[in-house]
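What the sequence shown shows, in the numbering used here, is residues 1379 to 1514, in sequence order. Note that CB positions come from ideal geometry on N, CA and C, so glycine has one too. See structure below.
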Amino acid sequence: MADRLTLEIATPTRLVVTASVDEIVIPGSQGYFGVLPGHAPFLTTLGIGELMYRAGRDERYLAVSGGFAEVRNDKVIVLADTAERPEEIDRARAERARERAERRLSGRTDEEVDYTRALAALARAVTRLMTAGRLG
Ligand code: ATP
1379 MADRLTLEIA TPTRLVVTAS VDEIVIPGSQ GYFGVLPGHA PFLTTLGIGE LMYRAGRDER
1439 YLAVSGGFAE VRNDKVIVLA DTAERPEEID RARAERARER AERRLSGRTD EEVDYTRALA
1499 ALARAVTRLM TAGRLG
């Protein structure tokens, strides 16, 4: 068993992270789960939330939404629909997305509302604001 994990995080358009890490916490579609070296093989879909990876005491965070994660032989591959580091997040855009979603969910709008879609948009916006907030 290796004493570290190899992590690769990619979106359809770019490789976001390649790193050797001690621990990863992934937002699966059924909830958050942690991965340590020696984890059993595992394939799951991603939800919307913050992915954390830690090397020593250095913890890094990404806002991710949708896609897949595979754990095999101490290698973790995350293929996310979207993934942003804190410094890549446009907070004003995320605020606008949050307000738009909240307005749709409140019913105070004349447009036809797809609530499932609005809820997912709200979760993406809130996650981005939380991850951007990691910068301080
Ligand atoms: P918006 O309504 O602002 O487009 P969204 O949640 O619908 O937000 P997504 O479909 O999740 O956006 O993402 C589309 C692309 O835009 C992805 O590449 C994603 O990384 C990027 N993106 C979305 N919101 C932000 C943001 N606030 N800051 C930086 N990149 C963002």
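- Distances from the CB of T1423 to the heavy atoms of the ligand ATP are all 7 Å or more.
- About 5 Å separates the beta carbons of V1394 and A1461, which is inside the 8 Å limit, making them a contact pair.
- With contacts defined by Cβ atoms closer than 8 Å, G1434 and D1381 do not form a contacting pair.
- Per DSSP, reduced to three states, the secondary structure at L1500 is helical.
- Closest in alpha carbon position to R1463, among L1497, A1441, L1457, is A1441.
- For the ligand ATP, the residues with a Cβ under 6 Å from any of its heavy atoms are, in chain order, S1443, T1460, E1462, E1466, I1467, D1468, R1471, A1472, A1475, A1499, R1502, R1506.
- The residues E1386, in chain order, have a CB closer than 6 Å to that of T1396 in the same chain once the five nearest residues on each side in sequence are set aside.
- Judged by DSSP secondary structure, S1407 falls outside any beta strand (DSSP E); it is assigned neither H nor E.
- Sequence-distant Cβ neighbours of E1480 in its own chain, meaning closer than 7 Å and more than five residues away, are L1500.
- Per DSSP, the beta bridge partners of L1393 are A1388.
- The segment 1466-1485 and the segment 1502-1509 touch, with three or more beta-carbon pairs separated by less than 8 Å.
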